[in-house]
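Just below is one structure, and these are the notes that go with it.
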Amino acid sequence: MEPDLATFGGYVRAGLPISGSETEEGEPIQAIVNAEVTVGTYWAFAENQQLLLEYDMAFDPNAPSGAQSAEVGGVALGYNFAVDPAAELITHLYLDIPQGDEELAMGVMVGLIASVPSAAVHSRPSTRRAF
23 MEPDLATFGG YVRAGLPISG SETEEGEPIQ AIVNAEVTVG TYWAFAENQQ
73 LLLEYDMAFD PNAPSGAQSA EVGGVALGYN FAVDPAAELI THLYLDIPQG
123 DEELAMGVMV GLIASVPSAA VHSRPSTRRA F
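Residue numbers for the sequence shown follow the numbering used here, so the first one is 23 and each next one is one higher.
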């Protein structure tokens, strides 16, 4: 959580997960590559603390004919707390947006983000806050 990221802001994160699939007989099918996109915003409401809101979805460019190529994902509300200038405790409460005959689903994520400081940071006294 860098101090130059201001009090609030937005971000876009993209990924290309690769997975595989097989037929009912267990024969492998081609690798599946989807494009995942997350759009979010954050607000640093207090020193070393952030709230964030995210929305995600996935796109399958190789979806079979007649199949859905875009999947609405869900929304997440997160709370991040900097325990050190190089470490953040992150938590997200995720709500999956049901499509078709899907049921409502929720999830919780707790994690730690650790940053490796550069040598230049250690060569001078630090005056920065965690956010």
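Here a beta-carbon is modelled for each residue, glycine too, at the ideal position from N, C-alpha and C.
Would you mind stating whether T113 and V97 have Cβ atoms separated by less than 8 Å?
Contact: no.
Going by the beta-carbon positions, is the gap between G95 and A109 smaller than 8 Å?
Not a contact, by the Cβ cut-off of 8 Å.
E125 to S140 span [Cα, whole Å]:
Between E125 and S140, the C-alpha separation is close to 46 Å.
Alpha-carbon spacing of T63 relative to T29, whole angstroms:
Going by the C-alpha atoms only, they are around 11 Å apart.
Scan the stretch 99-125 and note each continuous beta strand (DSSP E) run of 3 residues or more that stays entirely inside, going in chain order.
Those beta strand (DSSP E) runs which fall completely within the stretch 99-125 and span 3+ residues are 109-118.
Nonlocal neighbours in the same chain, by C-beta distance under 7 Å from S43, ignoring five residues either side:
For S43, where only same-chain residues beyond five positions count, the Cβ hits under 7 Å are I51, I54.
Are E58 and P39 closer than 8 Å when you measure CB to CB?
In this structure, E58 lies near P39, with their beta-carbon atoms less than 8 Å apart.
Mind checking who G129 pairs with in its DSSP beta bridge?
Looking at the DSSP assignment, G129 forms a beta bridge with Y116.
Please identify the residue among G88, D106, Q72 whose C-alpha is closest to the C-alpha of A136.
Of the candidates G88, D106, Q72, the residue whose Cα lies closest to the Cα of A136 is D106.
Give me the Cβ distance between M128 and L111, rounded to the nearest whole Å; I'm assuming they're in contact under 8 Å.
So it is not a contact: roughly 20 Å between Cβ atoms.
With a floor of 3 residues, list each beta strand (DSSP E) that falls wholly inside the stretch 38-103, ordered by position along the chain.
Counting only runs that start and end inside the stretch 38-103, the beta strand (DSSP E) elements of at least 3 residues fall at 40-44, 50-55, 57-68, 71-81.
Measure the Cβ-Cβ separation of L73 and Y33 and say whether it is below 8 Å.
Taking C-beta atoms as the reference points, L73 and Y33 fail to come closer than 8 Å.
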